[in-house]
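S.K.: Order-wise, the sequence lines are chains E and S.
Residue numbering for the first sequence follows the working numbering, starting at -4 and increasing by one per position.
Residue numbering for the second sequence follows the working numbering, starting at 4 and increasing by one per position.
Backbone N, C-alpha and C fix where the C-beta goes; we use that ideal spot for every residue, glycine too.
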Amino acid sequence: MSIQILLMELILMPLVAFVVGLFMVLMLRRIGAKLQRRVGPPMMQPLYDIVKLYGKKTQISHGWMHDIGIVMAVGGYVAAETLLPVPGMDGIADKGGLVTLVYVMMIPSLGLALGVGQCANPNGSIGIARALTAMLAYDVPFVIVVFGVAWYFGTTNLVDIIAIQQAGGVAGWGAIAMPLLAIAGLFALQGHVRQAAF
Amino acid sequence: MTPLDELLLFSGLTLVLMLLLGRFSYAGKVATVFYGGQLLFLVKMANRIVDGATVPFSLQVELFGQQMGWRFDALSWFFAVITLGAGLLSSWYASGEWGERFRRRGGNLWLLHVALAANVFSMLILLGSGDLLALFIGWELVSWASFLLMAVAGGRAVQAAMRYITYAMSGAMAILAGIVLLWSHAGGLQYGQIIDVIPQLSQAQVWLLVGLFGSGFAVKMGLLPFHLWQAAAYAETPGPGAAFFGAISARMGLYAIILVLVQLIGLARLSELTIPFTFLDMRDLWAWIAVLTIILPTYTALRQSDARYLLAWHGIGQGGYMLLGLVMGDALGSAGGLLHVFNYATNQAVLFFAVFAVMFRTGTADLNKLGGLITRMPISFFAMLVGIIGLAGLPPMNGFVSKWFVYRSLMIEGEPLLFLGAIIGTLGTILSVYKLIHNTFLGQLRVEHVDVREAPWSMVAPMIILMLLIFATGVAPGLVLDWVALVQSAVGLPVVANTLGGVELASGSLDMLWVVGVLFAGFGIGALLFYSGGRTRQVHQLDNYAGGHFLTAETRYHYSDNFYAGLMHLIRPWYRGSFLWLESTLGSLLGIAASLMQRLYGSLHPSIYLLVTVVVTLTWVLL
């Protein structure tokens, strides 16, 4: 792969993830609204929210770690996106693999925790203590799933894991071959995205 | 003169100089320069080590008809680099204001310098041992030198040091018994003779041998169940000493384990030793000891409210990763274990430096009496941040790479339970180190700490060097992995085929150059997004409110005590103090036996014993 294509992928992959992420946030809110017999937000609401956030008049900073914490959060997720293949683009997925992806995804949590810590708000600190305790709870099943996947496919290279599944057809999908592990993974990821089920 | 002659002579000279000059204010600077000199001799040795040769020591001693000699191979060299690096930076840290303050407060700075130099010297002698007799003598020297440094502070430190020396002596007796056992079969104590005789020993004999040597070395390494002495002994040692201990001292146990269990007995032989009535063998047992050593001390660290004790407990836990990687025995796992010795040393040293810098300025390491120091001591904060990211094993710091190697090895070898144990330890570490940095540097600044300043440069400079080292070897782990590969080939383990950025494997590679690259690109994007928003207003650190109420600086609202209250509520019943109970039971039993003997001896006249002994001996001789 030429360096130009790789660089383009590295720019495009986080963008794809950004759009998909916005769409998922929208879906989450719409489905939640439907369950509660509300109309729910319009299509572009997640974008409006971002514009609104940027338009706020008073933004408080409690110091440089407070700011860098947010930068770390965004940076960690952007980096994680380039390690996770999207259709047609592999980025640098083969340079890190599954284990690295899991650990890069912890950097945003650390950034947020440090940022909140500098706010010196006792409620913030309590929140972080609880969030980290929750992390202990959902990361243990999550790494069991990661181990299972890596063991089953015999590799931690995400590109290879995808290729093996595609070669095997629907029956070769990890979710078909290891349904219990897949359900466990879904549960653990529910914790990862810090969302209640409904 | 060989380079090893020069190194050991120079190290001895450093010790003599400290004995003579240790009381003068410039002693710390002299020591730092001399440790630097020793490092240079080590560098001079490097080209021979890279060629796979051993560097001999010219002096040979004959003791009880046994040839005793010293030499440096890649394994010795690797541990010596870390030892001297830790010694150099620790004495640098002590050379300026810290040492002055220590002396003004009634501390014995002369003893501290002498003890540090004695530790470095004795460790180099141990690392150079060319046979089991030299190993044992080096082992004893290290034990007593450690005792000296531990006891410098007096008071509780002496108690902790006494506890250590009790453990160390019991361990040494076990090692001595192992050596006698080997000598009776091999007729000598040269490594070559022992490698030859091991295959002829029965399974039961090797069992006994591994038990004796293993438990002896496990004491120094702080492996379960011999770990109780370590945290207090290291934490109560004054600043630079604690950093030196934390970085390398306990790893002498690992060095000896590698030497005897891997090099002399061999991991393959360990796998043959099955444990009766189980499906485990000796190697599994070691792996499980390693995992328990990871988990239990890490969660003990989580409960500590003194920053020094917290770090010291983590030190015990991190030793488990090294052992775990090593007993996996494959190229990846053993490389991870060895790499972690280096990485952990840098992390632990910088963390102890940061904690003692805070202690230097505020007078306390109590995590419930600090907070908000980030604005007052930004460099120390950053040092601690780099240290905790490394210790917790997150990218981009070096601790991640060594743990990645160990995890990958466990995945490839198919060890789900060991893997889970290692991850539980890592998660506990993340929780615990966040508490450390939060309670010290984040949150509310106490009124009495408003005028605190950054630590002086003599203390900050070693921290900056370590930070750069942690980051550089995180981005380019190949720098250290090249040495690790040399060590692996020297001790007969499969050799890792590393690249500058990590390792390339068919089953999933790691290239930290790319990973860190995209991470920092991500930080750049994050900064762009964040700072393009602009118009943030900086508020004063003490300008705060909670639940709609303004909080004045006098109100203490820093959330620090019982930080993980929810978690502790769940896991508190698991802390039973079983090992403490075991230790005190053993102590009581010994006490009872001792007083029984005393009663027996005191109630009868000693001359009767003498008579009985003489009669028995005469009978034996005559018959």
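When the cut-off is 8 Å and only beta carbons count, does Gly417 (chain S) lie next to chain E?
M.R.: The count along the second sequence starts at 1 and reaches residue 417 (chain S) at position 414. True, the Cβ-Cβ gap to chain E drops below 8 Å.
S.K.: Buried or exposed: Asn118 (chain E), going by 16 or more other Cβ atoms within 10 Å of its Cβ?
M.R.: Your numbering for residue 118 (chain E) matches position 123 in the first sequence. Classification for Asn118 (chain E): exposed.
S.K.: Quick check: is the beta carbon of Tyr437 (chain S) nearer than 8 Å to any beta carbon in chain E?
M.R.: As a first step, residue 437 (chain S) must be located in the second sequence, where it is residue number 434. Yes, Tyr437 (chain S) counts as interfacial toward chain E.
S.K.: Quick test of the definition: if touching needs 3 or more C-beta pairs under 8 Å, does the region 179 to 190 of chain S touch the region 150 to 157 of chain S?
M.R.: No, they do not touch.
S.K.: Tell me which residues of the region 436 to 457 of chain S have at least one Cβ-Cβ distance to chain E shorter than 7 Å, keeping chain order.
M.R.: Residues Tyr437, His441, Leu445, Gly446 and Gln447.
S.K.: Measuring straight from C-alpha to C-alpha, what distance separates Ser435 (chain S) and Phe75 (chain S)?
M.R.: In the second sequence, the residue the question calls residue 435 (chain S) occupies position 432. In the second sequence, the residue the question calls residue 75 (chain S) occupies position 72. Taking the straight line from one Cα to the other gives about 38 Å.
S.K.: Check this for me: beta carbons of Gly64 (chain E) and Gly110 (chain E), under 8 Å apart or not?
M.R.: Your numbering for residue 64 (chain E) matches position 69 in the first sequence. Your numbering for residue 110 (chain E) matches position 115 in the first sequence. The answer is yes: Cβ separation under 8 Å.
S.K.: Under 7 Å Cβ to Cβ from Gly112 (chain E), same chain only, skipping five residues before and after it: list those, please.
M.R.: Mapped onto the first sequence, residue 112 (chain E) falls at position 117. Closer than 7 Å at Cβ, skipping near neighbours: Ser120 and Ile123.
S.K.: Can you name, in chain order, every residue of its own chain whose Cβ lies under 7 Å from the Cβ of Phe150 (chain S), other than the five neighbours on each side?
M.R.: Taking the first residue of the second sequence as 1, we reach residue 150 (chain S) at position 147. Answer for Phe150 (chain S): Ala164, Tyr167 and Ile168, listed in chain order.
S.K.: Kindly list, in the order they appear in chain S, the residues whose Cβ is closer than 7 Å to that of Asp89 (chain E).
M.R.: Start at 1 with the first residue of the first sequence, and residue 89 (chain E) comes out as number 94. Here the neighbours are Ser512.
S.K.: Alpha carbon to alpha carbon, what distance is there between Ser308 (chain S) and Val53 (chain S)?
M.R.: On the second sequence, position 50 is the one that residue 53 (chain S) refers to. On the second sequence, position 305 is the one that residue 308 (chain S) refers to. Answer to the nearest angstrom: the Cα atoms are 45 Å apart.
S.K.: Just mark Gly68 (chain S) as buried or exposed, buried being the case when its beta carbon has 16 or more other beta carbons within 10 Å.
M.R.: What you label residue 68 (chain S) is simply residue 65 of the second sequence in a count that begins at 1. Flag for Gly68 (chain S) reads exposed.
S.K.: Using three-state DSSP, classify Asn118 (chain E) as helix, strand or coil.
M.R.: In the first sequence, the residue the question calls residue 118 (chain E) occupies position 123. It is helical.
S.K.: What residues from chain S crowd round Leu7 (chain E), counting only those whose CB sits closer than 7 Å?
M.R.: The count along the first sequence starts at 1 and reaches residue 7 (chain E) at position 12. The premise fails here: Leu7 (chain E) is roughly 13 Å from chain S at the closest Cβ pair, so nothing lies under 7 Å.
S.K.: Quick one, which of S:Leu397, S:Met285, S:Phe385 and S:Leu231 has its alpha-carbon nearest Gly318 (chain S)'s?
M.R.: In the second sequence, counting from the first residue as 1, residue 318 (chain S) sits at position 315. Of the listed residues, the one whose Cα sits closest to Gly318 (chain S) is S:Leu231.
S.K.: Below 7 Å on C-beta distance, what does Gly169 (chain E) contact in chain S?
M.R.: For this step, residue 169 (chain E) is matched to residue 174 along the first sequence. Near Gly169 (chain E) there are no residues of chain S at all, since even the closest Cβ is about 16 Å away, more than 7 Å.
S.K.: For Trp101 (chain S), name the three-state secondary structure that DSSP assigns.
M.R.: Looking up residue 101 (chain S) in the second sequence gives position 98. In the structure shown, Trp101 (chain S) sits in a helix (DSSP, three-state: H, G or I).
S.K.: Classify Ile608 (chain S): buried if its beta carbon has 16 or more other beta carbons within 10 angstroms, exposed otherwise.
M.R.: Along the second sequence, one-based indexing puts residue 608 (chain S) at 605. Ile is not the amino acid found at residue 608 (chain S); the sequence shown has His there. Burial call: exposed.
S.K.: Have a look at the DSSP bridge pairing and note the partners of Ala549 (chain S).
M.R.: Here residue 549 (chain S) is taken as the residue at index 546 of the second sequence, counted from 1. Answer by DSSP bridge pairing, in chain order: S:His552.
S.K.: Within 10 Å of its beta-carbon, does Gln491 (chain S) have 16 or more other beta-carbons around it, so buried, or fewer, so exposed?
M.R.: For the purposes of this step, residue 491 (chain S) is taken as residue 488 along the second sequence, with counting starting at 1. With 16 or more other Cβ atoms within 10 Å, it is buried.
S.K.: Assuming contact is defined by CB atoms lying nearer than 8 Å, are Ala83 (chain S) and Ala118 (chain S) in contact in what I supplied?
M.R.: By one-based count along the second sequence, residue 83 (chain S) stands at place 80. By one-based count along the second sequence, residue 118 (chain S) stands at place 115. Against a cut-off of 8 Å, the Cβ pair of Ala118 (chain S) and Ala83 (chain S) comes out as no contact.
S.K.: If we cut at 8 Å on Cβ distances, does Gln544 (chain S) have a partner in chain E?
M.R.: The residue given as residue 544 (chain S) occupies position 541 in the second sequence. At least one chain E Cβ lies under 8 Å of Gln544 (chain S).
S.K.: Could you round the C-beta distance between Phe363 (chain S) and Trp101 (chain S) to whole angstroms and report it? I think they count as a contact, below 8 Å.
M.R.: Along the second sequence, one-based indexing puts residue 363 (chain S) at 360. Along the second sequence, one-based indexing puts residue 101 (chain S) at 98. The pair is a contact, with the Cβ atoms about 6 Å apart (cut-off 8 Å).
S.K.: Can you tell me which of S:Phe124, S:Gly190 and S:Tyr170 puts its alpha carbon nearest to the alpha carbon of Leu135 (chain S)?
M.R.: Counting from 1 along the second sequence, the entry for residue 135 (chain S) is found at position 132. Measuring from the Cα of Leu135 (chain S), the nearest candidate turns out to be S:Gly190.
S.K.: So which residues on chain S does Tyr98 (chain E) lean against when the C-beta distance must stay under 7 Å?
M.R.: Position 103 of the first sequence, counted from the start, is the residue given in the question as residue 98 (chain E). Those are Leu397, Pro398 and Phe403, listed as they occur along chain S.
S.K.: According to DSSP, Leu513 (chain S) sits in a beta bridge with which residue or residues?
M.R.: Mapped onto the second sequence, residue 513 (chain S) falls at position 510. Leu513 (chain S) is bridged to S:Val506.
S.K.: Looking at the structure shown, is Glu65 (chain S) part of a helix, part of a strand, or coil, going by DSSP?
M.R.: Taking the first residue of the second sequence as 1, we reach residue 65 (chain S) at position 62. Here Glu65 (chain S) sits in strand by DSSP.
S.K.: Looking at the C-beta of Gly336 (chain S), does it have a partner C-beta in chain E at a distance below 8 Å?
M.R.: The sequence position of residue 336 (chain S) within the second sequence is 333, counting from 1. Cβ-Cβ to chain E under 8 Å: no for Gly336 (chain S).
S.K.: Output, in sequence order along the chain, the residues in the region 555 to 572 of chain S whose CB is closer than 9 Å to any CB in chain E.
M.R.: Cβ contacts with chain E come from Tyr560, His561, Tyr562, Ser563, Phe566, Tyr567, Ala568, Gly569 and Leu570.
S.K.: So what does Trp291 (chain S) bridge to, in DSSP terms?
M.R.: On the second sequence, residue 291 (chain S) is found 288 positions in, with the first residue counted as 1. According to DSSP, which records beta bridges pairwise, Trp291 (chain S) is partnered with nothing at all.
S.K.: At least one CB of chain S closer than 8 Å to the CB of Pro117 (chain E): is that the case?
M.R.: Taking the first residue of the first sequence as position 1, residue 117 (chain E) is located at position 122. Yes, Pro117 (chain E) lies at the interface with chain S (some Cβ there is under 8 Å from its Cβ).
S.K.: Which same chain residues end up closer than 6 Å to Met462 (chain S) when comparing Cβ atoms and leaving out the 5 residues on each side of it in sequence?
M.R.: The residue you call residue 462 (chain S) lines up with position 459 of the second sequence. Closer than 6 Å at Cβ, skipping near neighbours: Tyr96, Trp101 and Ala360.
S.K.: Based on the DSSP secondary-structure assignment, which residues constitute the bridge partners of Phe75 (chain S)?
M.R.: As a first step, residue 75 (chain S) must be located in the second sequence, where it is residue number 72. DSSP output for Phe75 (chain S) lists S:Val58 as bridge partner(s).
S.K.: Is Phe142 (chain E) close to chain S, meaning its C-beta is less than 8 Å from at least one C-beta of that chain?
M.R.: Along the first sequence, read from residue 1 onward, the residue named residue 142 (chain E) stands at position 147. Phe142 (chain E) counts as touching chain S.
S.K.: How big is the Cα-Cα spacing for Phe105 (chain S) and Gly390 (chain S)?
M.R.: As a working mapping, residue 105 (chain S) is identified with position 102 in the second sequence. As a working mapping, residue 390 (chain S) is identified with position 387 in the second sequence. C-alpha separation (whole angstroms): 25 Å.
S.K.: Could you work out which residues of chain E lie near Met414 (chain S), taking near to mean beta carbons separated by less than 7 Å?
M.R.: Mapped onto the second sequence, residue 414 (chain S) falls at position 411. Residues of chain E passing the Cβ test: Phe142, Ala145, Trp146 and Thr151.
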